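The structure appears right after this line, and notes come after that.
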Amino acid sequence: MTAPTWTVHVDSGLCMGSGICAGAKPGVFRLDGPAAEAAVDQLAPDEAVLDVADMCPAGAITVHDAEGTEIGPRP
Amino acid sequence: MTAADERTRQYPFNKQEGLDLDPAYRAARETPGMIRVQMPFGEPAWLATRYEDARFVLGDRRFSRALATTSDEPRTQSYQRAGGILAMDPPDHTRLRVLIASAFTVRRVEKLRPRVRELAEGLLRDMVAAGAPADLVDAFALPLPVQVICELLGVPAEDRHLFRAWSDALLSTSSLTLEEYQRNDSELRAYIAGLVALRRAEPADDLMSALIAARAEDEDRLSETELVELCVAVLVAGHETTATQIPNFAHVLLANPDRLAQLRADPGLIPAAVEELLRFIPLGAGSAFARYATEDVQVGEVLVRAGEPVLAAIGSANHDDARFPAADTLRFDREETSHLGFGHGVHHCLGAPLARLELQEALRALVTLDGLREASEPVWKTQMLVRGPRSMPVAW
Chain A
1 MTAPTWTVHV
11 DSGLCMGSGI
21 CAGAKPGVFR
31 LDGPAAEAAV
41 DQLAPDEAVL
51 DVADMCPAGA
61 ITVHDAEGTE
71 IGPRP
Chain B
76 MTAADERTRQ
86 YPFNKQEGLD
96 LDPAYRAARE
106 TPGMIRVQMP
116 FGEPAWLATR
126 YEDARFVLGD
136 RRFSRALATT
146 SDEPRTQSYQ
156 RAGGILAMDP
166 PDHTRLRVLI
176 ASAFTVRRVE
186 KLRPRVRELA
196 EGLLRDMVAA
206 GAPADLVDAF
216 ALPLPVQVIC
226 ELLGVPAEDR
236 HLFRAWSDAL
246 LSTSSLTLEE
256 YQRNDSELRA
266 YIAGLVALRR
276 AEPADDLMSA
286 LIAARAEDED
296 RLSETELVEL
306 CVAVLVAGHE
316 TTATQIPNFA
326 HVLLANPDRL
336 AQLRADPGLI
346 PAAVEELLRF
356 IPLGAGSAFA
366 RYATEDVQVG
376 EVLVRAGEPV
386 LAAIGSANHD
396 DARFPAADTL
406 RFDREETSHL
416 GFGHGVHHCL
426 GAPLARLELQ
436 EALRALVTLD
446 GLREASEPVW
456 KTQMLVRGPR
466 SMPVAW
């Protein structure tokens, strides 16, 4: 039995490189090139990551729970 | 395309009155590379007029805004504006922006919709009750975003007469003296600092109190000066452009009666109409806030040398046929809607979700007013960063 894990994804076509995600959660997102990307394959559930998905000005970040359901950005 | 054009043109191109896009932009878009421009003050700059180039310059991290503060930045007024968040680069910029970004998420902003709708409908009702003609700016377009941003930030809306005068001066492109500019800047800062002191003693459920709490938690995250500057930026940026775009939208729709009729018949089109109007209306008289190359950067056909400034002409980029087919036509069913009306990259408008919501609710209310028409020509602002009516007499 493993701990429930989330995954994050950045749509590089939508990303405008605002850097909000990498600034708010540097361990989860990185911005080295023109578009941000996930810095981890999986992560423990973390409300702050949903906040980041909400904050993305391009709406480029999606967060999925262990079952694969999209949980962020929140509607 | 013709040959590259190496002459240096006087800039900005657009007239202050009206919302036309000067034909010089189309000519520049059809010329390879970028053109050289000279603003009334500051050093010459490159001007990016095509969508692809403008978007690239705004988005590429090798371009800096902070470098403008130590350069002779291209500008319309003699003095250089105080920096603030728009003159910062990551990571400092990101540190500040993250602090307020959570207040402007689509999710948080959407909760304000009922209140914004109530305000818009109430202002319109009062305007109609007072009888025609009315000034759409004074009765509707200005009080709506002022009230919303005041409630969100925690500034008394009754102080509007005070901060409007300061805000106008700070956004002016006119020949204010440096002393006049600095006096307005310091009076607005002192006013906000006074409110911060009040909120620190007695916190409320507003953005100012949230920023004060963030600073109390970790002083390295936000200095006192930055706290005041952020509140000033949110207040000024939070109402001026929206208050200007509401009458601009009305002016353009009244000139395109088929589109207005379309919205009246199907209010479901309003979000698409807002995006299209944001694209269609060249808000600025010219481009501002030059991006400085921190190293040699290839922009299309031009190698921009380290230390050179580039201006992104957003109004022109939004009328680039290569990105938006028949770009000079206003239509609400475009497939490509990724306009640069809110900018792009790290400085993409922080308040975009709020601006969208306010513009949607303003339009939703306005299209219900049967027979709306301009009672006389609008009186246009002059010498401001954004173009639009200073007053717009309307009847119905």
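Going down the list, the sequences are from chains A and B.
Position 53 of the first sequence, counted from 1, bears residue number 53 in this note's numbering, the numbering being contiguous throughout.
For this note's numbering, add 75 to where a residue sits in the second sequence, where the first one is 1.
Quick reminder that beta carbons are idealized off the backbone N, C-alpha and C, glycines included.
Predicted model only: the values in this text are computed from it and were never measured.
Asked: How about residue 24 of chain A: is its C-beta nearer than 8 Å to some C-beta of chain B?; Found: yes
Asked: Could you tell me if residue 104 of chain B is buried or exposed, where buried requires 16 or more neighbouring beta carbons within 10 angstroms of its beta carbon?; Found: buried
Asked: Grab me the residues of residue 307 of chain B's own chain with a C-beta within less than 7 Å of its C-beta, minus the 5 sequence neighbours each way, in chain order.; Found: 263, 264 and 267
Asked: Looking at C-alpha atoms only, which residue of B:303, B:328, B:111 and B:350 is the closest neighbour of residue 272 of chain B?; Found: B:303
Asked: For residue 197 of chain B and chain A, any beta-carbon pair shorter than 8 Å?; Found: no
Asked: So what does DSSP say about residue 101 of chain B, is it helix, strand or coil?; Found: helix
Asked: Could you work out which residues of chain E lie near residue 173 of chain B, taking near to mean beta carbons separated by less than 8 Å?; Found: Looking at the structure shown, chain E is missing, and the protein chains on hand are A and B.
Asked: Taking the CB atoms as reference points, tell me whether residue 133 of chain B and residue 366 of chain B lie closer together than 8 Å.; Found: yes
Asked: Answer with buried or exposed for residue 206 of chain B, where buried requires no fewer than 16 other C-beta atoms within 10 angstroms of its C-beta.; Found: exposed
Asked: Closest to residue 426 of chain B by CA distance: which of B:98, B:101, B:112 and B:172 is it?; Found: B:172
Asked: Relative to the alpha-carbon of residue 450 of chain B, which residue among B:468, B:436, B:462 and B:464 has its alpha-carbon at the smallest distance?; Found: B:468
Asked: Within the same chain, show all residues whose beta-carbon is closer than 7 Å to that of residue 85 of chain B, passing over the 5 residues directly before and after it, in chain order.; Found: 113
Asked: Verify the CB distance criterion: does residue 375 of chain B have a CB-CB separation below 8 Å to chain A?; Found: no
Asked: Which value, in whole angstroms, describes the spacing of the CA atoms of residue 116 of chain B and residue 149 of chain B?; Found: 6 Å
Asked: Are the C-beta atoms of residue 176 of chain B and some chain A residue less than 8 Å apart?; Found: yes
Asked: Which same chain residues end up closer than 8 Å to residue 229 of chain B when comparing Cβ atoms and leaving out the 5 residues on each side of it in sequence?; Found: 270, 274, 279, 281, 282, 283 and 284
Asked: Is there a Cβ from chain A that is less than 8 Å from the Cβ of residue 419 of chain B?; Found: yes
Asked: Rounded to whole angstroms, what's the CA-CA distance from residue 96 of chain B to residue 316 of chain B? Just pull it up for me.; Found: 18 Å
Asked: Buried or exposed: where does residue 295 of chain B fall if 16 or more other Cβ atoms within 10 Å of its Cβ makes it buried?; Found: exposed
Asked: So, does the region 412-431 of chain B touch the region 345-360 of chain B, judging by three or more C-beta pairs under 8 Å?; Found: yes
Asked: Would you please state the rounded distance, in angstroms, between the beta carbons of residue 374 of chain B and residue 128 of chain B? I believe it to be under 8 Å.; Found: 6 Å
Asked: For a quick check, are the C-beta atoms of residue 452 of chain B and residue 191 of chain B less than 8 Å apart?; Found: no
Asked: Could you tell me the boundaries of the alpha helix (DSSP H) in which residue 392 of chain B lies?; Found: 389-392
Asked: Hey, is the region 392-407 of chain B in contact with the region 41-55 of chain A, meaning 3+ C-beta pairs nearer than 8 Å?; Found: no
Asked: Examine chain A for any beta-carbon lying closer than 8 Å to the beta-carbon of residue 322 of chain B, and answer yes or no.; Found: no
Asked: What in chain A is Cβ-close to residue 404 of chain B, meaning under 7 Å?; Found: The premise fails here: residue 404 of chain B is roughly 26 Å from chain A at the closest Cβ pair, so nothing lies under 7 Å.
Asked: State buried or exposed for residue 76 of chain B, treating a residue as buried only when at least 16 other CB atoms are found within 10 Å of its CB.; Found: Low confidence applies here, because residue 76 of chain B scores a pLDDT of 47, under 50, leaving its location unreliable and the question unanswered by this model.
Asked: Can you confirm whether the region 5-13 of chain A touches the region 49-66 of chain A when touching is taken to mean that 3 or more C-beta pairs between the two stretches lie within less than 8 Å?; Found: yes
Asked: Touch check for the region 14-22 of chain A and the region 407-421 of chain B: three-plus C-beta pairs under 8 Å?; Found: yes
Asked: May I have the straight-line CA-CA distance separating residue 311 of chain B from residue 175 of chain B, to the nearest angstrom?; Found: 15 Å
Asked: Output, in chain order, the set of chain A residues within a Cβ distance shorter than 7 Å of residue 136 of chain B.; Found: 17
Asked: Strictly by DSSP, which residues pair up with residue 34 of chain A?; Found: Per DSSP, none; premise fails for residue 34 of chain A.
Asked: Tell me which same chain residues have a C-beta within less than 6 Å of the C-beta of residue 377 of chain B, skipping the five on either side of it?; Found: 108 and 109
Asked: For residue 356 of chain B, which three-state DSSP category applies?; Found: coil
Asked: Which of the three DSSP states is assigned to residue 399 of chain B in this structure?; Found: coil
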